[in-house]
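Structure representation (structure tokens):
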């Protein structure tokens, strides 16, 4: 098992311990997951203060609602990121940012023909990275702007200065491509 | 409006997980996901896969005070040598203010001249000093009770600890009789520095089975240079 998978399982074990009121497990979960969650919160808000506040609020929510976590429905990490993203998307709509702002994946080359091929990766997270690489840049970028910045269709269209209909079409085509690639 | 077409439904879920639907539309989708097991499973798959995109981000450095704030808000007892070692200015100020109040209350301190003092307070009760520590210029440490001590269970011991730095970890200074003064010679105390942490914990009889505290913190405080 590689380190990343080990961490993923560790987070799930720690979150289950949090549900039993184990404060030490909660602290370990925080040390394990909070650094990358803070990086994501900074991307979503564009404001370090708001990002810290959201991270703190999310972890308070995690501690209080850990009993609701169901490992059979997904990993602790997916649960944590979902809590953080929806909190930020609903509460702190990020202001429009410069189109030139870098996103992970910006330096990936466009794929060869036959781009949206099926991923052979059994690891879901790596499969997503591989499938994102397989998307054409003009489809990938608006999707990543939604994921990392929490942008709506309208904000993406405005930021990229592309008609709303075109952006919707690109995102939906990109999502279909991901769906096929991920075999969802 | 949830579409009837299955392919459209799948796309709607993908859009929703990505955060592209807000307000009433999002509420409607959430209601649908709560009722439709297959749709909920599809959403869970997407969330699981999107972790891969989050993992492309470089982890950020956590601000030092964030865990303390979080522990306070959730009411979680933080192991003292981890959470409390990073002192805040407020904490130092509270210790200094208490020290001034104590000096005024008990009168001038006598010889040998103390070079450090510590006010030990019950966690979360900054206005209620429980013990005072003075470290003389010869290095001896005196621990003095300031209030009548609670009667602890006979099958528990009160243990005295210090933490010079995180790397070394906590060090036991021995067991304490509640309500009774104690003098610890300089060679056992070791060097004391400004800001050094001291605490009393409730442990199994005879003291902690580990080289660190295992029981709850009764009193805690930090050394202040005089």
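Residue numbers (my numbering), protein chains in the order written: chain S, 1 to 184; chain P, 1 to 226.
A virtual CB, placed ideally from N, CA and C, is assigned to each residue, including glycine.
- For residue 35/S, the enclosing alpha helix (DSSP H) begins and ends at 23-45.
- Taking C-beta atoms as the reference points, residue 189/P and residue 143/P fail to come closer than 8 Å.
- Collapsing the DSSP output to three states places residue 162/S in coil.
- One Cα belongs to residue 49/P, the other to residue 79/S, and the distance between them is close to 12 Å.
- Within chain P, no residue has its CB atom less than 7 Å from the CB of residue 137/S, the nearest being about 15 Å off.
- Listed along chain P, the residues sitting closer than 8 Å to residue 143/S by beta-carbon distance are 18.
- By the Cβ test, the region 64-72 of chain S is not in contact with the region 167-180 of chain S, since fewer than three Cβ pairs between them sit closer than 8 Å.
- Counting along the chain, residue 135/P sits inside no alpha helix (DSSP H); it lies in the beta strand (DSSP E) bounded by residues 129-136.
- When Cβ pairs closer than 8 Å are counted between the two stretches, the region 198-205 of chain P is seen to touch the region 160-170 of chain P, the count reaching three or more.
- In the DSSP secondary-structure assignment, residue 161/P is bridged to 172/P, 199/P.
- With its beta carbon at least 8 Å from every one in chain P, residue 154/S lies outside the interface.
- Close partners of residue 127/S in chain P (Cβ separation under 8 Å): 49, 52.
- Put simply, the CB of residue 74/P is near chain S, with a gap under 8 Å to one of its CB atoms.
- Nearest to residue 59/S by alpha-carbon distance, out of 167/S, 83/S, 181/S, is 83/S.
- Remark: C-beta atoms of residue 50/S and residue 148/S do not approach each other more closely than 8 Å.
- When the beta-carbon positions are compared, residue 212/P and residue 118/P stay at least 8 Å from each other.
- Proximity of chain P to residue 69/S at the Cβ level (cut-off 7 Å) is not reached, the minimal Cβ distance being about 12 Å.
- Out of 19/S, 65/S, 81/S, the CA that lies nearest to the CA of residue 38/S is found in 81/S.
- Look at residue 89/S: its C-beta is under 8 Å from a C-beta on chain P.
- One finds 179, 184 in chain S with Cβ atoms closer than 8 Å to the Cβ of residue 10/P, taken in chain order.
- Taking 8 Å as the threshold, the shortest C-beta distance from residue 211/P to chain S does not fall below it.
- Closest in C-alpha terms to residue 65/S, from the list 20/S, 124/S, 125/S, 135/S, comes 20/S.
- DSSP places residue 144/P inside the beta strand (DSSP E), whose first and last residues are 141-145.
- For residue 67/P, the nearest CB of chain S lies under 8 Å from its own CB, placing it at the interface with that chain.
- The contact set of residue 55/P on chain S, defined by CB atoms closer than 8 Å, consists of 4, 36, 125, 129 in chain order.
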